[in-house]
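So the protein lines, in turn, are chains A and B.
Here the working numbering is used: the first residue of the first sequence is 407, the next is one more, and so on.
Here the working numbering is used: the first residue of the second sequence is 14, the next is one more, and so on.
Report on the following structure.
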Amino acid sequence: MATQLPDTLPPGGAPVPVSAPARRARRWTVDPEIVIPAAVLLVIIGACFVWPLVGPVPPPVGGSILNAGLPPFSPGHIFGTDPVGNDIFSRILYGGRVSIEVGLATQLIGIAVGGTVGCIAGYRGGVTDTAVMRVVDVLIAFPALVLALAIADGLGPSEVHVIWALSFFSIPAFARISRAATLRLQGQTFMLAARLSGTRGWRILLRHVAPNIMPQLVTFGLLGMGVAIILEGALSFLGLGIPDPGPSWGNMIALGQGTLSASPALVLIPSVFLFATVLSLNLLGDGLRAHWGAR
Amino acid sequence: MAAEADVAPAGPRSRGPAGRAVLTSPALRLVARRLLLAIPVLWGVTLLTFVVMNLLPGNAAQEILGASATPAEVRALEIRLHLNEPFWIRYGHWLGGVLSGNLGSSFTSGQQVTSILAQRLPVTLELLLYAFLISVCVAVPVATAAARRPGGIADRLSMVASMAGLSIAPYVLGLVLIYIFAVRLRILPALGYESLSQGIAGNIRSLTLPAISLGLPIACFYTRLLRSDLVEQMQGEDYVVTARAKGIGPWQVLTRHALRNSLFGLITVIGLNLGTLIGAAVIIEQIFSLPGIGQVLLQSINNRDVIVVEAVVLVFAVIVVLASLAADLLYAVLDPRIRYGHSAA
Numbered sequence: 407m408a409t410q411l412p413d414t415l416p417p418g419g420a421p422v423p424v425s426a427p428a429r430r431a432r433r434w435t436v437d438p439e440i441v442i443p444a445a446v447l448l449v450i451i452g453a454c455f456v457w458p459l460v461g462p463v464p465p466p467v468g469g470s471i472l473n474a475g476l477p478p479f480s481p482g483h484i485f486g487t488d489p490v491g492n493d494i495f496s497r498i499l500y501g502g503r504v505s506i507e508v509g510l511a512t513q514l515i516g517i518a519v520g521g522t523v524g525c526i527a528g529y530r531g532g533v534t535d536t537a538v539m540r541v542v543d544v545l546i547a548f549p550a551l552v553l554a555l556a557i558a559d560g561l562g563p564s565e566v567h568v569i570w571a572l573s574f575f576s577i578p579a580f581a582r583i584s585r586a587a588t589l590r591l592q593g594q595t596f597m598l599a600a601r602l603s604g605t606r607g608w609r610i611l612l613r614h615v616a617p618n619i620m621p622q623l624v625t626f627g628l629l630g631m632g633v634a635i636i637l638e639g640a641l642s643f644l645g646l647g648i649p650d651p652g653p654s655w656g657n658m659i660a661l662g663q664g665t666l667s668a669s670p671a672l673v674l675i676p677s678v679f680l681f682a683t684v685l686s687l688n689l690l691g692d693g694l695r696a697h698w699g700a701r
Numbered sequence: 014m015a016a017e018a019d020v021a022p023a024g025p026r027s028r029g030p031a032g033r034a035v036l037t038s039p040a041l042r043l044v045a046r047r048l049l050l051a052i053p054v055l056w057g058v059t060l061l062t063f064v065v066m067n068l069l070p071g072n073a074a075q076e077i078l079g080a081s082a083t084p085a086e087v088r089a090l091e092i093r094l095h096l097n098e099p100f101w102i103r104y105g106h107w108l109g110g111v112l113s114g115n116l117g118s119s120f121t122s123g124q125q126v127t128s129i130l131a132q133r134l135p136v137t138l139e140l141l142l143y144a145f146l147i148s149v150c151v152a153v154p155v156a157t158a159a160a161r162r163p164g165g166i167a168d169r170l171s172m173v174a175s176m177a178g179l180s181i182a183p184y185v186l187g188l189v190l191i192y193i194f195a196v197r198l199r200i201l202p203a204l205g206y207e208s209l210s211q212g213i214a215g216n217i218r219s220l221t222l223p224a225i226s227l228g229l230p231i232a233c234f235y236t237r238l239l240r241s242d243l244v245e246q247m248q249g250e251d252y253v254v255t256a257r258a259k260g261i262g263p264w265q266v267l268t269r270h271a272l273r274n275s276l277f278g279l280i281t282v283i284g285l286n287l288g289t290l291i292g293a294a295v296i297i298e299q300i301f302s303l304p305g306i307g308q309v310l311l312q313s314i315n316n317r318d319v320i321v322v323e324a325v326v327l328v329f330a331v332i333v334v335l336a337s338l339a340a341d342l343l344y345a346v347l348d349p350r351i352r353y354g355h356s357a358a
């Protein structure tokens, strides 16, 4: 054995030791599949949340009817104005805020509630698991759209209510994923070691399970954020999304439907932003999954 | 086999070999188990619907009579519709009706729910079937072409296109298709529905744009799934090596052997995916003004017509449960390892 050992070493001497964090950091910054969509997202988020604070952006509502229906590239209105005279560029930025907030909030609620419930169910097993998963089954078999519609219809359309409604899509999905990921950890040695050394259940969940399942939850959350942003628009189509004067990408598209043949730009411009955001989220999710999976 | 037995307990669904001798046919046991599991799920769904509808402000009586009605009139109608009775009695009454095969009748129109379903459900089912056919007819050839040479030009093109297709909202796709094919080219109708009895050509034409808007994003999802599974099969599986060693060409191995195997996985996903498809169909029906079940659902939620909402939700949930069961069964029937009762770790 000892004589064979040198053969296994790479030619050119011992490899330069690279610490795991350094290797990770290098791959993060080099991998274009992660950097490019992340950069696009940062630009979109920055434009929506920061630019209206510092740049010359007119308010998204209360535009003058004198400016109504200007085509794109008009002076002072780069994307033109809508039939009421609001600046479309401004509505895109403020609408992006709403869309991104809705997407982010529903996923955070999903991770917090669904993720917790799922990993407790997976960790405890037995009756807890069966009971929790039956409820999740019901929520998944239930057409979540009905629940979302009922909530939006009953509580009245508003951003917060849309977030509540869409969380009914994300919570059961996260619960399933987090349970499956926890079950996969159950057989691992470090879990056994933690339990044998007398660590309390909640501490194991917090210190051992949570960090291990988080990558899966985060990558799923990125994909789910895209879905939530799309669904927010779907609620607008049914008249149950963000109420009219306040913009969101979804309700801009839904409102533009009426004048599609006359001015397709009203549908096209928010659609492009919606598409770019969701595409970046999907690419980033995929890139991160590949990155974490390969580690 | 020993290695498989070691791996088996890790899977959430797999059971030890001891449980296998209980029933001779694993497929039959699967059906029994799944049908039993479906009962509490369906019951939960109906209860949840009743609770949600009950929590909504207003009720059917107020919606029917409108804002100008006096409280006495509303009260009288509530009594006639039994809306004044407590929640559990109304739910029990409804549940009893369903169990004896009576879905009740609509509060607002008085029409039998079964006749509403018979009228509207075919439109939605036709749309779903059409969208499903489109998605499979796009996904299978594209994924096979892509998997032929992983990293090749066809692979990269199809992966970029499918990622784009996955990121486009169905309603945006619908509007873009309306703009191109109905507004600009004027070759397909933008709105409305022609039933099969009015002529098969018109029927298909009226459903084409909605079915594409619904089917294309799912096609992209299936393409990516099938492609990655095909690539995985072609790289590591023993049967692929065997087939190649016998002298069968790589294209033949891909289409005859690997594709057959990968389609099994796709069937399960299709079954699980149907719920999402139904949800998207509601919105697509709204955009293209198709008189399907989605429209009924929206109207009856607005009208607080609990009986109709319950029926539609129940139909949706039954479709989802049955589809997922059918997928599992089909999987069991098609996969010889499961058919003959071997462990499929």
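Backbone N, C-alpha and C define an ideal beta-carbon position, used for all residues, glycine too.
Going by the CB atoms, is the gap between residue j and residue i shorter than 8 Å?
i	j	result
residue 586 of chain A	residue 516 of chain A	no
residue 148 of chain B	residue 228 of chain B	yes
residue 320 of chain B	residue 120 of chain B	yes
residue 134 of chain B	residue 322 of chain B	no
residue 10 of chain B	residue 294 of chain B	Since the first residue shown for chain B is 14 and the last is 358, residue 10 of chain B is missing from the structure and cannot be characterised.
residue 171 of chain B	residue 151 of chain B	no
residue 110 of chain B	residue 116 of chain B	yes
residue 581 of chain A	residue 544 of chain A	no
residue 340 of chain B	residue 283 of chain B	yes
residue 548 of chain A	residue 330 of chain B	yes
residue 291 of chain B	residue 231 of chain B	no
residue 491 of chain A	residue 671 of chain A	no
residue 44 of chain B	residue 310 of chain B	no
residue 97 of chain B	residue 317 of chain B	no
residue 773 of chain A	residue 528 of chain A	With chain A covering only 407 through 701, there is no way to say anything about residue 773 of chain A.
residue 690 of chain A	residue 440 of chain A	yes
residue 656 of chain A	residue 669 of chain A	no
Under the three-state reduction of DSSP, which class applies to residue i: helix, strand or coil?
i	result
residue 125 of chain B	strand
residue 665 of chain A	helix
residue 171 of chain B	helix
residue 83 of chain B	coil
residue 281 of chain B	helix
residue 487 of chain A	strand
residue 113 of chain B	coil
residue 654 of chain A	coil
residue 584 of chain A	helix
residue 677 of chain A	helix
residue 313 of chain B	helix
residue 119 of chain B	coil
residue 698 of chain A	helix
residue 614 of chain A	helix
To the nearest angstrom, how far is the alpha carbon of residue i from that of residue j?
i	j	result
residue 636 of chain A	residue 70 of chain B	27 Å
residue 302 of chain B	residue 241 of chain B	37 Å
residue 631 of chain A	residue 507 of chain A	10 Å
residue 161 of chain B	residue 245 of chain B	12 Å
residue 650 of chain A	residue 574 of chain A	23 Å
residue 187 of chain B	residue 195 of chain B	11 Å
residue 626 of chain A	residue 438 of chain A	20 Å
residue 285 of chain B	residue 101 of chain B	32 Å
residue 647 of chain A	residue 169 of chain B	37 Å
residue 684 of chain A	residue 234 of chain B	14 Å
residue 449 of chain A	residue 521 of chain A	29 Å
residue 682 of chain A	residue 606 of chain A	45 Å
residue 325 of chain B	residue 280 of chain B	25 Å
Indicate whether at least one CB of chain B lies closer than 8 Å to the CB of residue i.
i	result
residue 640 of chain A	yes
residue 502 of chain A	no
residue 538 of chain A	no
residue 632 of chain A	yes
residue 477 of chain A	no
residue 679 of chain A	no
residue 648 of chain A	no
With 8 Å set as the bound, which would you pick, yes or no: does the beta-carbon of residue i sit closer than that to a beta-carbon of chain A?
i	result
residue 121 of chain B	no
residue 53 of chain B	yes
residue 316 of chain B	no
residue 192 of chain B	yes
residue 288 of chain B	yes
State yes or no: is the beta carbon of residue i nearer than 8 Å to at least one beta carbon in chain E?
i	result
residue 188 of chain B	Included in the structure are the protein chains A and B, with no chain E among them.
> Along the chain, which unbroken stretches of the beta strand (DSSP E) at least 3 residues long are found entirely within the region 491 to 575 of chain A?
Replying inline: Taken in chain order, the region 491 to 575 of chain A contains no complete beta strand (DSSP E) segment of 3 residues or longer.
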